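Protein chains: 2
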Amino acid sequence: MPDLVYRNVMHDIKKRIRGGEFTTKKLPDERSLSESYQVSRSTIKRAMGVLVDQGIIFKKRGSGTFINPLYLKDQSAFRYEGRNLGITDSFQVNGEQPQSRLLDYRVVPASPEIQQELFLNDAEFVYRIKRLRLFDDQPVIIETGYIPIKILPALTPAVVQSSIFNYLQETQDQSVTKSFLSIRAQPSSHEDQKLLNLTEVEPVGVMEGIFFMDDGTPFEVSNMHLHYKYLKYGTFVNLDED
Amino acid sequence: MPDLVYRNVMHDIKKRIRGGEFTTKKLPDERSLSESYQVSRSTIKRAMGVLVDQGIIFKKRGSGTFINPLYLKDQSAFRYEGRNLGITDSFQVNGEQPQSRLLDYRVVPASPEIQQELFLNDAEFVYRIKRLRLFDDQPVIIETGYIPIKILPALTPAVVQSSIFNYLQETQDQSVTKSFLSIRAQPSSHEDQKLLNLTEVEPVGVMEGIFFMDDGTPFEVSNMHLHYKYLKYGTFVNLDED
DNA sequence: AAGTGGTCTAGACCACTAC
DNA sequence: TAGTGGTCTAGACCACTTA
Numbered sequence: 001m002p003d004l005v006y007r008n009v010m011h012d013i014k015k016r017i018r019g020g021e022f023t024t025k026k027l028p029d030e031r032s033l034s035e036s037y038q039v040s041r042s043t044i045k046r047a048m049g050v051l052v053d054q055g056i057i058f059k060k061r062g063s064g065t066f067i068n069p070l071y072l073k074d075q076s077a078f079r080y081e082g083r084n085l086g087i088t089d090s091f092q093v094n095g096e097q098p099q100s101r102l103l104d105y106r107v108v109p110a111s112p113e114i115q116q117e118l119f120l121n122d123a124e125f126v127y128r129i130k131r132l133r134l135f136d137d138q139p140v141i142i143e144t145g146y147i148p149i150k151i152l153p154a155l156t157p158a159v160v161q162s163s164i165f166n167y168l169q170e171t172q173d174q175s176v177t178k179s180f181l182s183i184r185a186q187p188s189s190h191e192d193q194k195l196l197n198l199t200e201v202e203p204v205g206v207m208e209g210i211f212f213m214d215d216g217t218p219f220e221v222s223n224m225h226l227h228y229k230y231l232k233y234g235t236f237v238n239l240d241e242d
Numbered sequence: 001m002p003d004l005v006y007r008n009v010m011h012d013i014k015k016r017i018r019g020g021e022f023t024t025k026k027l028p029d030e031r032s033l034s035e036s037y038q039v040s041r042s043t044i045k046r047a048m049g050v051l052v053d054q055g056i057i058f059k060k061r062g063s064g065t066f067i068n069p070l071y072l073k074d075q076s077a078f079r080y081e082g083r084n085l086g087i088t089d090s091f092q093v094n095g096e097q098p099q100s101r102l103l104d105y106r107v108v109p110a111s112p113e114i115q116q117e118l119f120l121n122d123a124e125f126v127y128r129i130k131r132l133r134l135f136d137d138q139p140v141i142i143e144t145g146y147i148p149i150k151i152l153p154a155l156t157p158a159v160v161q162s163s164i165f166n167y168l169q170e171t172q173d174q175s176v177t178k179s180f181l182s183i184r185a186q187p188s189s190h191e192d193q194k195l196l197n198l199t200e201v202e203p204v205g206v207m208e209g210i211f212f213m214d215d216g217t218p219f220e221v222s223n224m225h226l227h228y229k230y231l232k233y234g235t236f237v238n239l240d241e242d
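The following block contains the structure:
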C-alpha cells in the first residue's frame, strides 16, 4: 500500500489508542492533532472517519471524540470475522490456509440468473467450480463458484486448487475488494450431511456472494454451504448516512 | 434530517441513476458535476463516496466513475435487508409493524459478560426483557435484551410492548445508529421449536448485537433466535481502507 | 498529451456542548 | 463565551488511463 498521510495518521492513532495512551477515553481535539501531526485538519478528519467507520471511536459534536470502551476491552470483536469470509479464496482460520478438494470442474452455459448477476450475454459460458474446503482436515465449506471464461480464459484445475484470487492478481493486476453477501441458514441436505459430517438436525449456513473486481466488473458468483459451527459473521453496523 | 448539500447531491445523482439517465453506465466527471451542481469538487467527492460505500457506483482512477450494472438490474439487493434487522425494535417486514408478546420482564444483576459489554460496574442492574415477535401472526423471533436500568430508570412493560427505541428518542433525544452484530446458526432447542413452530431438523439463526447510542454509550445487549426462514442478512462489503 | 480520480491544504463559517 | 466537531470552498499537485 502507498504511503498515504491520512492512513499513517489513522494507524498511528489506532496504535496510541491500543497502547492505552488516552486514559480519559477522550482524544485530543482535531485542531491540536492537526498541529501535532503537522497535517491539515481535513486529513485528521479523514483519518478519524475511518476509525469511526470501524467502530473504534465515536464523535460527539460540541464535546469531542471518544474511544469505544469495548475496543479496549475486547478488540477481537473488531476483527470483522466476516471479512475473511468475504473472500472465500483467501480464507483463513487462525492463520491457517485451508485445504481444498476439487469436487467438480466444468464449463457450462450461464443460466439466466447467473447471466444477470455476472452481466453476461445469452451465449456466454462460465466455469462451474465445486470445491470442498477443509480446515485441520475438517470439512467446513461446500462452495460452488461461477466465473466467466472470458475473464480467465486460461484457468486450469491446478490454479483452482490453490488460489484463484492470487491468480487474478498476478495475471491481470486486479484485486477483489468488493462484494455483495447474503447470509441465511437452512436444514442440511443429504449431500451436506455426507460431505460436512453433519447429523440431520444440524443445519448449514448459506452464504451467497457476488464478487467484483476493482473496476466494478462482476468476477464471481459463489454459493457456499458452511458447517454451522464455522459460520460466524461479525460486523460493525453504522446506520448513519442513509 | 438537515438539508446538507452533499446529501442532496447524493440523492439527486441516485435518482438520476435510477431514472436511467446515464445509459453509458458512465457518470459525468467530477469537475463537470461540480460545475453543474454549483458546488465544490470536494462536495461532489463526498456525495459520490457515499454511493461507493453503498455499492452503487465504482470509481476507476484515470477513467471515470461507473454505475454498478447490478444496481440497475436488481435494486432490491442494495436494500440491506440486514439493516432493519440491526435495530430489532424498529423491525419491519413488508412495511408491517411486528407484534410483540412479552414473555418475561425483570430486573437482574448484570452478569460479568453483560457488565463488560454494557460497560457496567459490579453492582449494577439491568432489565432483562424477553419477547416473542410475530409477523402476520407468525412467530419469528425470540429476543432477549438487556438494558441498564440507569439509562431508562422509568421503563415500563407498556413501553416495552411498543418501542423502546422510540421511547429513548422521545425521552432523551438519543438515537441508536451503531451496533456490533454477529450472526450464526444452530439446531433449534425445544423452546425454539415450541415458540417458533419448528420441527427438530429446522434450525434457528442466532443474532447477537450490542447497540450504541449516538454518544457511544452501549445501550442494549440483545440475543435473538430467528426462525431460519426469516434470517436473511444481506450487505455490501468493501475491503478497502483496512 | 489530455482527461479523470486521489490526496492534501488553509481557511471560512456553522451547530452544538459545556461552563 | 470558549471549545469542539461538521460542512463547504477553491485550488494545487499527483497518479493513472487512454489515445
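Protein chains in written order, with UniProt numbering: chain Y, 1 to 242; chain H, 1 to 242.
Built from N, CA and C at the ideal position, the CB exists for glycine as well.
Treat the numbers as computed from the prediction; the structure is a model and nothing was measured.
Check, Outcome
"Three or more C-beta pairs below 8 Å linking the segment 120-133 of chain Y and the segment 175-189 of chain Y", "no"
"G55(Y): contacting residues in chain H (beta-carbon distance under 8 Å)", "K178 and F180"
"Rounded straight-line distance, which links the Cα of Q38(Y) to that of Y228(H)", "53 Å"
"Touching by the beta-carbon criterion (3+ pairs, under 8 Å), the segment 30-37 of chain H and the segment 230-241 of chain Y", "no"
"Every unbroken alpha helix (DSSP H) within the segment 90-162 of chain Y, with a cutoff of 4 residues, ordered by chain", "112-118 and 157-161"
"Listed by chain order, chain Y residues near G234(H) by CB distance under 8 Å", "F180, L181, S182 and I183"
"Completely contained beta strand (DSSP E) runs for the segment 173-204 of chain H, where each covers 3 or more residues", "178-187"
"Helix, strand or coil at F165(H) according to DSSP, with G and I counted as helix", "helix"
"Beta carbon of K25(H) nearer than 7 Å to that of I67(H)", "yes"
"The segment 156-165 of chain Y touching the segment 100-110 of chain Y, judged by at least three CB pairs closer than 8 Å", "yes"
"Beta-ladder partner(s) of K59(Y), from DSSP", "T65(Y)"
"When R131(H), L118(H) and V204(H) are compared against I210(H), the one with the closest alpha-carbon", "L118(H)"
"Where T217(H) sits in the DSSP three-state scheme", "coil"
"Which of helix, strand or coil DSSP assigns to T235(Y)", "strand"
"P157(Y) versus L72(Y), R131(Y) and D173(Y), residue with shortest Cα-Cα distance", "R131(Y)"
"With 16 other Cβ atoms within 10 Å as the buried cut-off, status of L199(Y)", "Note that residue 199(Y) is Thr in the sequence shown here, rather than Leu. Exposed, by the Cβ-count rule."
"T88(Y), DSSP secondary structure in three states", "A caution first: T88(Y) carries a pLDDT of 46, below 50, which makes its placement in the model unreliable, though a value can still be read off. Three-state result, T88(Y): helix."
"Reduced DSSP category for V39(H) - H, G, I as helix; E, B as strand; rest coil", "coil"
"G20(H) (DSSP reduced to helix, strand or coil)", "coil"
"Contacts around K45(Y), its chain only, beta-carbon distance under 7 Å, and the 5 residues preceding and following it disregarded", "E30"
"Close-in-space but distant-in-sequence residues of the same chain around Q174(H) (CB under 6 Å, 5 per side omitted)", "L168, M213 and D214"
"8 Å Cβ cut-off: residues of chain H touching V5(Y)", "What V5(Y) touches in chain H: nothing, since even the nearest Cβ is about 14 Å away."
"Counterpart residues of H225(H) in DSSP-defined beta bridges", "I142(H) and V206(H)"
"Reference L152(Y); option with closest CA among K73(Y), D192(Y), T217(Y) and G19(Y)", "T217(Y)"
"Beta-carbon gap between L181(H) and I142(H) smaller than 7 Å", "no"
"Backbone CA spacing between I17(H) and A47(H) [nearest angstrom]", "14 Å"
"Residues near N238(H) in its chain [Cβ-Cβ closer than 8 Å; skip 5 each side]", "V52, D53 and G55"
"Chain Y within 7 Å of Y228(H), Cβ atoms only", "yes"
"Bridge partners - K26(Y), DSSP secondary structure assignment", "F66(Y)"
"7 Å Cβ cutoff, L231(H) in contact with chain Y", "yes"
"Neighbouring residues, chain Y, relative to V201(H) (Cβ below 7 Å)", "P187, E200 and V201"
"Members of the segment 202-218 of chain Y that neighbour chain H once the beta carbon cut-off is set at 8 Å", "E202, P203, V204, G205, I210, F212, D214, D215, G216 and P218"
"Own chain residues within Cβ distance below 6 Å of G82(H), not counting five before or after", "With a pLDDT of only 45 at G82(H), under 50, the local geometry of the prediction cannot be trusted, and the value read off the model is given with reservation. Closer than 6 Å at the Cβ level, and outside the excluded window around G82(H), lie Y233, G234 and T235."
"Own chain residues within Cβ distance below 8 Å of Y105(Y), not counting five before or after", "Y127, R128, I129, K130, P157 and V160"
"Within 7 Å, strictly: CB atoms of S144(H) and N197(H)", "Checking the sequence shown, residue 144(H) turns out to be Thr, not Ser. Contact: no."
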